[in-house]
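Residue numbers (this note's numbering): 389 to 992.
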């Protein structure tokens, strides 16, 4: 029997992508029998699935995730890097600390599930290593540890526990083998059996019922089918409701009283879209008063067993990565699942998400990822970008906190920006998190000026001089101009650069004045003076206080005996440039020092 898995809501499309990845992985690694090679076919609208392959998928699912999140592979990669550091005497102690931390963490986790004398010995030996002279012992210790954790049984157990806790519990509640009552499952076969029972078997029951309802010639035939499968929960209620009913009444009951799936239409729905099925946007039944379906408090959002099964493949269909949110001490690293959604055929969505995942694994910056994905689209930019957006989702069932769900839409003006050479200049914005936050503000349709304010403050506090400040100000202005429909940036670019150069000239004048005073008597360094002035100007810019900003600006120019450019006066009326662009460009120039060579490279 074949069923159609059609794309729809983004979470279903993510699940379908994950299902196909697992299927491909299973065939490639001979986990799925080759007789099922044609069981899943790519169609423009999604996948066509022969349900005979379903019992083959649970094993492929686990082995796919074990390969993807292998603890042995993860620790081995870390230890190889640390060992390279340890070979240098000056870095030995730092490397040794990281090696011990990695080995101790994994060893303690392993010993919770099994007894392993050799692993305990490795831990004890490692504790005795303290000096660079013990390097050979450290090498032997690490090699032994790697051999042990690559043992199939150990790696599988550690990896399953790891992705259950770190990955799957970001998407699902205490369902199936994720339930606390199943924490004593021993090996891979136990997990496969539970997955089969909870996710695969219900699909066969439900689809067989749909078939019987169509082909049956009498009500007795339908009741007999329910009796033969009486252990399946939903059938108990149906048998009670259909007892002594005619076949016409039964079919009318199905049409009027049995819900259809909200995610995969036309399939009977005996389950609910709740937090255990998809935690990030699901709601617990007893708290779903605003979501009750036909005022039935036990059926708030009906979905089919087939949809429930597909949703469980979302972790395989998304790109999993960690992202730093916020800045400095107030920052936090969160795990996100990312996905590229576009209004096109399934094969292109699959290709784009494979590309997206690959780039994320290579730690490509978000702006470069967007640029590459847009450039790979052959259709005209305006059409495609109206139908292309990125989804990022982060939640965790354990912490009972909020879900972070980001939608990044890509309108045509942004597509044009990322396709142009302008976007390449974002590489100058460093550290990395400022560029990421800048791009994410832009993709959300928000003004990135708050990021620029934080970036300016970071450079002031750390006395950093870099061309990235100017680039951030100029690229924000370019994006604002593109949004307005302006195509020729040359005139506004020149104005931004003129303001930036004005800040540089004022800094130079302050440095010269400080140098001449220093020859006569003690005076504060020019850097301290510049930073104090930059703080004052930045506070005025953030507050939108043009009067305070211009007052400081007049005083600076008077002390430097330099005329004020008409651009500053025009900024009061925002004729050529908005106030934030003028203020930030001037502060960026004021903070720049010794950037002439780099400056000439980026202003063109």
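The beta carbon of each residue, even a glycine, is placed where N, CA and C say it ideally should be.
Query - Alpha-carbon spacing of residue 962 relative to residue 926, whole angstroms - result: Here residue 962 is taken as the residue at index 574 of the chain shown, counted from 1. Here residue 926 is taken as the residue at index 538 of the chain shown, counted from 1. Each residue's Cα considered, the two are about 18 Å apart.
Query raised in the report: When DSSP labels each residue in this structure, what does residue 422 get in the three-state scheme?
Result: The residue you call residue 422 lines up with position 34 of the chain shown. If DSSP states are grouped into helix, strand and coil, residue 422 belongs with the helices.
Query - DSSP-derived helix/strand/coil call for residue 856 - result: Walking along the chain shown from the start, residue 856 turns up at place 468. Here DSSP, grouped into helix, strand and coil, assigns residue 856 to helix.
Requested in this report: Enumerate in chain order the residues of its own chain whose CB-to-CB distance from residue 510 is below 8 Å, with the five nearest sequence positions on each side excluded.
Outcome: If you number the chain shown from 1, residue 510 lands on position 122. Excluding sequence neighbours, residue 510 sits near 491, 495, 529, 532, 533, 536.
Query raised in the report: Among 407, 659, 779, which residue has its Cα nearest to the Cα of residue 448?
Result: For the purposes of this step, residue 448 is identified with residue 60 of the chain shown, where counting begins at 1. Looking at the Cα atoms, 407 is the closest of the given residues.
**Report entry** N-terminal and C-terminal residue of the beta strand (DSSP E) that residue 707 is part of
**Finding:** As a position in the chain shown, residue 707 is number 319, starting the count at 1. Per DSSP, residue 707 belongs to the beta strand (DSSP E) from 707–713.
Report task. Count the other CB atoms, across all protein chains shown, that sit within 10 Å of the CB of residue 577; report buried if there are 16 or more and exposed otherwise. Result -> One-based indexing of the chain shown puts residue 577 at position 189. Flag for residue 577 reads exposed.
Query - Spatially closest choice to residue 610 from 629, 635, 749, 595, by CA coordinates - result: Locating residue 610 in the chain shown gives position 222, where the first residue counts as 1. Ranking 629, 635, 749, 595 by Cα distance to residue 610 puts 635 first.
Query raised in the report: How big is the Cα-Cα spacing for residue 881 and residue 861?
Result: Within the chain shown, residue 881 is the residue found at index 493, counting from 1. Within the chain shown, residue 861 is the residue found at index 473, counting from 1. Distance between the alpha carbons of residue 881 and residue 861 is about 10 Å.
**Report entry** Per-residue DSSP class, three states only, for residue 438
**Finding:** What you label residue 438 is simply residue 50 of the chain shown in a count that begins at 1. For residue 438, the secondary structure class from DSSP, reduced to helix, strand or coil, is strand.
Query raised in the report: In chain order, which alpha helix (DSSP H) runs of at least 4 residues are fully inside the stretch 437–476?
Result: 445–456, 459–474
Query - residue 468 burial status per 10 Å Cβ neighbour count (16 or more: buried) - result: Locating residue 468 in the chain shown gives position 80, where the first residue counts as 1. Residue environment: residue 468 is assigned as exposed (fewer than 16 neighbouring CB atoms within 10 Å of its CB, all protein chains considered).
Query - Length of the line joining the Cα atoms of residue 582 and residue 563 - result: Taking the first residue of the chain shown as position 1, residue 582 is located at position 194. Taking the first residue of the chain shown as position 1, residue 563 is located at position 175. When rounded, the distance between both Cα atoms is 11 Å.
Report task. Can you give me the Cβ contacts of residue 944 inside the same chain, cut-off strictly under 6 Å, excluding the 5 residues immediately before and after it? Result -> Position 556 of the chain shown, counting from 1, holds the residue named residue 944. Exclusion of the five residues before and after residue 944 leaves 894 as the residues of its chain whose Cβ lies within less than 6 Å of its Cβ.
Report task. Closer than 7 Å by C-beta to residue 981: which residues in its own chain qualify, once you throw out the five before and the five after it? Chain order, please. Result -> Counted from its first residue, the chain shown places residue 981 at position 593. For residue 981, where only same-chain residues beyond five positions count, the Cβ hits under 7 Å are 853, 895.
Query raised in the report: Exposed or buried, what is residue 433 when buried is set at 16 or more other beta-carbons lying within 10 Å of its beta-carbon?
Result: Mapped onto the chain shown, residue 433 falls at position 45. Residue 433 should be labelled exposed.
Requested in this report: Within the stretch 497–535, note down every full alpha helix (DSSP H) run reaching 4 residues or more, in order along the chain.
Outcome: 505–516
Query raised in the report: Counting pairs of beta carbons, one from the stretch 568–575 and one from the stretch 470–489, are three or more of them closer than 8 Å?
Result: Contact between the stretch 568–575 and the stretch 470–489 is absent, because fewer than three Cβ pairs lie under 8 Å.
**Report entry** Reference residue 957, options 949, 937, 976, 948, closest by Cα
**Finding:** Here the question's residue 957 lines up with position 569 in the chain shown. Residue 957 has its Cα closest to that of 937, out of 949, 937, 976, 948.
Query raised in the report: Could you give the residue range of the beta strand (DSSP E) that holds residue 726?
Result: Numbered from 1 along the chain shown, position 338 holds the residue referred to as residue 726. Unbroken beta strand (DSSP E) run through residue 726: 720–730.
Requested in this report: Compute the distance between the beta-carbons of residue 727 and residue 779, then report whether it is under 8 Å.
Outcome: For this step, residue 727 is matched to residue 339 along the chain shown. For this step, residue 779 is matched to residue 391 along the chain shown. Cβ distance < 8 Å, so residue 727 and residue 779 count as in contact.
**Report entry** residue 838, DSSP secondary structure in three states
**Finding:** Mapped onto the chain shown, residue 838 falls at position 450. Note: residue 838 maps to helix in three-state DSSP.
Report task. Determine the direct distance from the alpha carbon of residue 897 to that of residue 910, and round the result to whole angstroms. Result -> As a first step, residue 910 is located in the chain shown; it is residue number 522 there, counting from the start. As a first step, residue 897 is located in the chain shown; it is residue number 509 there, counting from the start. Because residue 910 sits at a pLDDT of 43, beneath the cut-off of 50, its placement in the model cannot be relied upon, and the point is left open.
**Report entry** Contact belief for residue 759 with residue 591 at Cβ below 8 Å, rounded distance in angstroms
**Finding:** Residue mapping note: residue 759 aligns to position 371 of the chain shown, counting from 1. Residue mapping note: residue 591 aligns to position 203 of the chain shown, counting from 1. 41 Å between Cβ atoms; not a contact.
Report task. Using DSSP bridges, identify the partner residues of residue 780. Result -> Reading the chain shown from its first residue, position 392 is the one you call residue 780. Paired residue(s): 726, 794.
Report task. Determine the direct distance from the alpha carbon of residue 762 to that of residue 803, and round the result to whole angstroms. Result -> On the chain shown, position 415 is the one that residue 803 refers to. On the chain shown, position 374 is the one that residue 762 refers to. In a straight line, the C-alpha of residue 803 is about 7 Å away from that of residue 762.
Query raised in the report: Under a Cβ-count criterion, where at least 16 other Cβ atoms within 10 Å of its own Cβ denotes burial, should residue 690 be classed as buried or exposed?
Result: Here residue 690 refers to the residue found at position 302 of the chain shown. By the 10 Å Cβ count, residue 690 comes out buried.
Report task. Grab me the residues of residue 883's own chain with a C-beta within less than 7 Å of its C-beta, minus the 5 sequence neighbours each way, in chain order. Result -> As a position in the chain shown, residue 883 is number 495, starting the count at 1. In its chain, beyond the 5 residues on either side, 955, 964, 965 have a beta carbon closer than 7 Å to the beta carbon of residue 883.
**Report entry** Segment contact flag, the stretch 501–509 with the stretch 449–464, C-beta cutoff 8 Å, min 3 pairs
**Finding:** no
Query - Spatial neighbours of residue 801 in its chain, beta-carbon cut-off 7 Å, leaving aside the 5 residues before and after - result: In the chain shown, residue 801 corresponds to position 413, counting from 1. Contacts found: 870, 871.
Requested in this report: Taking all protein chains shown into account, decide if residue 874 is buried (16 or more other Cβ within 10 angstroms of its Cβ) or exposed.
Outcome: Working through the chain shown from its first residue, we reach residue 874 at position 486. Under this definition residue 874 is an exposed residue.
Query raised in the report: Is it true that the CB of residue 919 sits closer than 8 Å to the CB of residue 848?
Result: Looking up residue 848 in the chain shown gives position 460. Looking up residue 919 in the chain shown gives position 531. Contact: yes.
Query - Cutoff 7 Å; reference residue 395; Cβ partners in own chain excluding five residues on either side - result: Looking up residue 395 in the chain shown gives position 7. For residue 395, where only same-chain residues beyond five positions count, the Cβ hits under 7 Å are 401, 404, 433, 434, 734.
**Report entry** Cβ-Cβ distance between residue 864 and residue 840 below 8 Å
**Finding:** Stepping through the chain shown from its first residue, residue 864 is reached at position 476. Stepping through the chain shown from its first residue, residue 840 is reached at position 452. Taking a C-beta distance under 8 Å as the contact criterion, residue 864 and residue 840 qualify as a contact pair.
Query raised in the report: Taking the continuous beta strand (DSSP E) assigned at residue 631, which residues delimit it?
Result: To locate residue 631, count along the chain shown from 1; it is residue 243. First-last for residue 631: undefined, no H or E at that position.
Query raised in the report: Of all the options 830, 438, 568, 946, which has the alpha carbon lying nearest to the alpha carbon of residue 799?
Result: To locate residue 799, count along the chain shown from 1; it is residue 411. It is 830.
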